[in-house]
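Enquirer: Chains A and B supply the protein sequences, listed in that same order. Heads up: the first sequence runs through residues -12 to 304, numbered per the working numbering. Heads up: the second sequence runs through residues -12 to 304, numbered per the working numbering.
Number of protein chains: 2
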Amino acid sequence: MENFIDQLVDKVEKKGSCSVVGLDPQLDSIPDEIINPAFQKKGGLLESGARAITDFNRQVIDLVQPHVGVLKLQIAFYELLGIWGLKAYADTIAYAKKKELLVIGDIKRGDVSHTAEAYAVAHLGVAEFRGMRESAFAVDAVTLNPYLGSDSILPFIKMAKQYGKGLFVLVKTSNPSSIEIQDLSYEKSVVHQKVAELVAAWGKDMIGKRGYSSIGAVVAPTNLETVRSLRSLMPNAYFLVPGYGAQGGRAEDLINCFNEDGLGAIVNSSRGIINAYAREPWKEKFGMKHWQDAVEEAIVAMNKELKAVTKKVRERS
Amino acid sequence: MENFIDQLVDKVEKKGSCSVVGLDPQLDSIPDEIINPAFQKKGGLLESGARAITDFNRQVIDLVQPHVGVLKLQIAFYELLGIWGLKAYADTIAYAKKKELLVIGDIKRGDVSHTAEAYAVAHLGVAEFRGMRESAFAVDAVTLNPYLGSDSILPFIKMAKQYGKGLFVLVKTSNPSSIEIQDLSYEKSVVHQKVAELVAAWGKDMIGKRGYSSIGAVVAPTNLETVRSLRSLMPNAYFLVPGYGAQGGRAEDLINCFNEDGLGAIVNSSRGIINAYAREPWKEKFGMKHWQDAVEEAIVAMNKELKAVTKKVRERS
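#1: My parser needs the alpha helix (DSSP H) runs of 4 or more residues fully inside the region 192 to 245 of chain B; what are they?
#2: For residue 218 of chain B, count the other beta carbons within 10 Å of its own beta carbon; 16 or more makes it buried, fewer makes it exposed. Which is it?
#3: Quick one: list the residues of chain A neighbouring residue 132 of chain B, beta-carbon separation under 7 Å, in chain order.
#4: With a CB to CB cut of under 7 Å and the five nearest residues on each side skipped, what residues in its chain are close to residue 33 of chain A?
#5: What residue ranges within the region 105 to 180 of chain A form continuous beta strand (DSSP E) runs of no fewer than 3 residues, ordered along the chain?
#6: Under a Cβ-count criterion, where at least 16 other Cβ atoms within 10 Å of its own Cβ denotes burial, should residue -12 of chain B be classed as buried or exposed?
#7: Check for me: the beta strand (DSSP E) holding residue 92 of chain A runs from which residue to which?
#8: Does the region 116 to 125 of chain A come into contact with the region 72 to 88 of chain A, if we say contact requires no fewer than three beta-carbon pairs (one atom in each stretch) closer than 8 Å?
#9: Taking Cβ positions only, does residue 119 of chain A come closer than 8 Å to chain B?
#10: Buried or exposed: which applies to residue 246 of chain A, given that a residue is buried once 16 or more other Cβ atoms fall within 10 Å of its Cβ?
#11: Using 10 angstroms around the beta-carbon of residue 188 of chain B, count the other beta-carbons present and answer buried if the total reaches 16, otherwise exposed.
#12: Look at the alpha carbon of residue 42 of chain B and the alpha carbon of residue 264 of chain A, and state the distance between them as a whole number of angstroms.
#13: Where does residue 27 of chain B sit, in a helix, a strand or coil, going by DSSP?
#14: Consider the Cβ of residue 232 of chain B: report whether some Cβ of chain A lies at a distance smaller than 8 Å.
#15: Are residue -2 of chain A and residue 57 of chain A close, meaning C-beta to C-beta below 8 Å?
#16: Residue 162 of chain A touches chain B at which residues, Cβ-Cβ below 8 Å?
#17: Should residue 96 of chain A go down as buried or exposed, given a rule of 16 or more other Cβ atoms within 10 Å for buried?
#18: For residue 108 of chain A, which residues from the same chain have a beta carbon less than 8 Å from its beta carbon, with the 5 sequence-adjacent residues on both sides left out?
#19: Using the Cα positions of residue 152 of chain A and residue 256 of chain A, report the straight-line distance between them to the nearest angstrom.
#20: Could you say if the region 179 to 195 of chain A and the region 153 to 167 of chain A meet the contact criterion of at least three C-beta pairs nearer than 8 Å?
#21: Do the region 133 to 140 of chain A and the region 157 to 169 of chain B meet, that is, are 3 or more Cβ pairs less than 8 Å apart?
#22: How many angstroms separate the CA atom of residue 226 of chain A from the CA atom of residue 52 of chain B?
#23: Of the residues that make up the region 44 to 65 of chain A, which ones have a beta carbon closer than 7 Å to any beta carbon in chain B?
#24: Just mark residue 44 of chain B as buried or exposed, buried being the case when its beta carbon has 16 or more other beta carbons within 10 Å.
#25: Using a Cβ cut-off of 8 Å, which residues of the region 176 to 189 of chain B contact any Cβ in chain A, in chain order?
#26: Roughly how far, in whole angstroms, is the beta-carbon of residue 141 of chain B from the beta-carbon of residue 100 of chain B, given that I think they are within contact range, below 8 Å?
#27: Report the residues of the region 251 to 275 of chain A with a CB closer than 7 Å to any CB of chain B, ordered along the chain.
#28: From A/176, A/239 and A/159, pick the residue whose C-alpha is nearest to that of residue 169 of chain A; which is it?
#29: Taking the alpha-carbon positions, what's the residue 222 of chain A to residue 200 of chain B distance?
#30: Comparing C-alpha positions only, which one of A/185, A/197 and A/241 sits nearest to residue 212 of chain A?
#31: Between the C-alpha atoms of residue 289 of chain B and residue 237 of chain B, what's the straight-line distance to the nearest angstrom?
#32: Using a threshold of 8 Å, state whether the C-beta atoms of residue 89 of chain B and residue -5 of chain B are closer than that.
#33: I'd like to know if residue 77 of chain A contacts chain B, where contact means its C-beta is closer than 8 Å to some C-beta of that chain.
#34: Looking at chain B, which residues of the region -9 to 17 of chain A have a Cβ within less than 9 Å of any of its Cβ atoms?
#35: Distance cutoff 8 Å, beta carbons only. Does residue 173 of chain B sit that close to anything in chain A?
#36: Considering only residues of the same chain and omitting the five flanking positions on each side of residue 274 of chain B, which have a CB-CB separation below 7 Å?
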């Protein structure tokens, strides 16, 4: 069984892309050609909506699969549609795995150890009882919230070791209010740096053949100096970088996310890719009728922008 | 529409109980008389397990309903069984509402605002699309993680105002590693006190007729002085107190959780009630055969212990 991080680096190099496509579908942005038939069949809002999401996700996966190796599913947009939505979540994961993509479950869970064990089995492992075994939502990696500290993370680490999975712990998020807790100064440092030190410690015995750990960090490129400092506190951690595109992140802000080898970060865009047809700069050119062309052009453009960044990083070093 | 906190105080007074029963069922602790028939019917582990949990929860609800007004469901133990488990979660909520109990969804979500909106609709609100409306998992209140700050909480506040719901924000949790982040000192205070100040601010325009806010806090009684300080920082917040029973909390540690009116806190026990038959002090007396008697005796005993605490609080003031 290969560990998560070596699979990840392998995918990044094979596809020539450190982009992550975020499958965060919202009904009011799914093209009519998918929404209309989904809502013409029987079923209430949740059932029909989940049908639309499943169909949309499959088409998006087919479109982006030649260009990226990693998807991220924000589970909130599936929970929104209840058990139907979570069936769409599970079905999308299964489809993505069939297409040989790595899937990150953006779940941001965090709870006391006994409860964290249940979450870890649900999202990374296999439930077992009386000789039976079955997985609930097994993805390749999950995001976690560190507010409860080590004993909320350790059950996930155990599961990651057992099944070759990965974790991305929230260190510094992209939202404006992230400063309220994450940037509080303590002694000579700030809270998110303390979390970064914990991430480095948690990941030190899960380092793969390329020097990266299966325990990574969510780091938003809010500030060049903050990212530089986090990069040096966690040299072996892969960064999952949110906020590209729709949340306003720009390619030049990413430069300190990467290491000298041009690796060390994957960058997510969700609405910027899957809803490209309705957004600048693709809106005029494509529109809803050509939404598939917009998805493809958006991911190709993102790959190109990120390649320019990693090229600059390698040249700088 | 009555606000959440007035409904809560009303339940506490009508039942004469500030106990919360935590429905955190785990298959290996569910009595054989429920497990065996559930697994004899068709279906895999997740489907059969969810059937056992649903049946067990209904029986527990019938047993505790005369004695308590509030249940808490830890969603991790349902996610563990995938979409089947989440159907058990939804079915249990529906059954509890039919029995006129308040239900807290212990979900500890926390995400950027756009995503927090989706979670808030999923767990407190109603999904809407093209004139259709349907709820996914509507409970009366949820727990939230504050690591992302205000903009991760505000969508839940909006939903709570719209639908008369409540929130309990994690301030200080019961696990040993909670010190790592929550107890970091900043300037003249510590992180969990900063969160307490935010909770007080978020809740100040949601105060009901008894002086309490629909925005409460999760506060573990780890230390008498810590709790006293949190009580004074958040005088209007109802505390949801975890860790009673199975996690080692004792009645005398709770004294500072309450205000002078004997109100201000609800106290959760999960395994200590639902698995009482297998635990001290009920194990010898009951055993699995009389698991129902053990549940009832355990909740009656807990109510009595907590009444002694609130009596002492009122006498002290």
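Idealized CB from N, CA, C, for every residue including glycine.
Expert: Per the coordinate set shown:
#1: 211 to 220
#2: buried
#3: 97, 132 and 134
#4: 68, 69, 71 and 72
#5: 114 to 116, 119 to 121, 128 to 131 and 153 to 159
#6: exposed
#7: It spans 89 to 96 - the beta strand (DSSP E) in which residue 92 of chain A sits, taken as one unbroken run.
#8: yes
#9: yes
#10: buried
#11: exposed
#12: 47 Å
#13: Helix at residue 27 of chain B.
#14: no
#15: yes
#16: The answer, in chain order, is 99, 100, 135, 136, 138 and 139.
#17: By the neighbour-count definition (other C-beta atoms within 10 Å, threshold 16), residue 96 of chain A is a buried residue.
#18: 114, 123 and 146
#19: 22 Å
#20: By the C-beta criterion, the region 179 to 195 of chain A is judged to be in contact with the region 153 to 167 of chain A, since at least 3 inter-stretch pairs fall below 8 Å.
#21: When Cβ pairs closer than 8 Å are counted between the two stretches, the region 133 to 140 of chain A is seen to touch the region 157 to 169 of chain B, the count reaching three or more.
#22: In a straight line, the C-alpha of residue 226 of chain A is about 48 Å away from that of residue 52 of chain B.
#23: Taking a C-beta cut-off of 7 Å against chain B, the contacting residues of the region 44 to 65 of chain A are 61, 63 and 64, listed in chain order.
#24: buried
#25: 178, 181, 182 and 185
#26: 7 Å
#27: none
#28: A/159
#29: 45 Å
#30: A/241
#31: 10 Å
#32: Between residue 89 of chain B and residue -5 of chain B, the C-beta spacing is below 8 Å.
#33: yes
#34: 11, 13, 14 and 15
#35: By this cut-off, residue 173 of chain B is an interface position.
#36: 264
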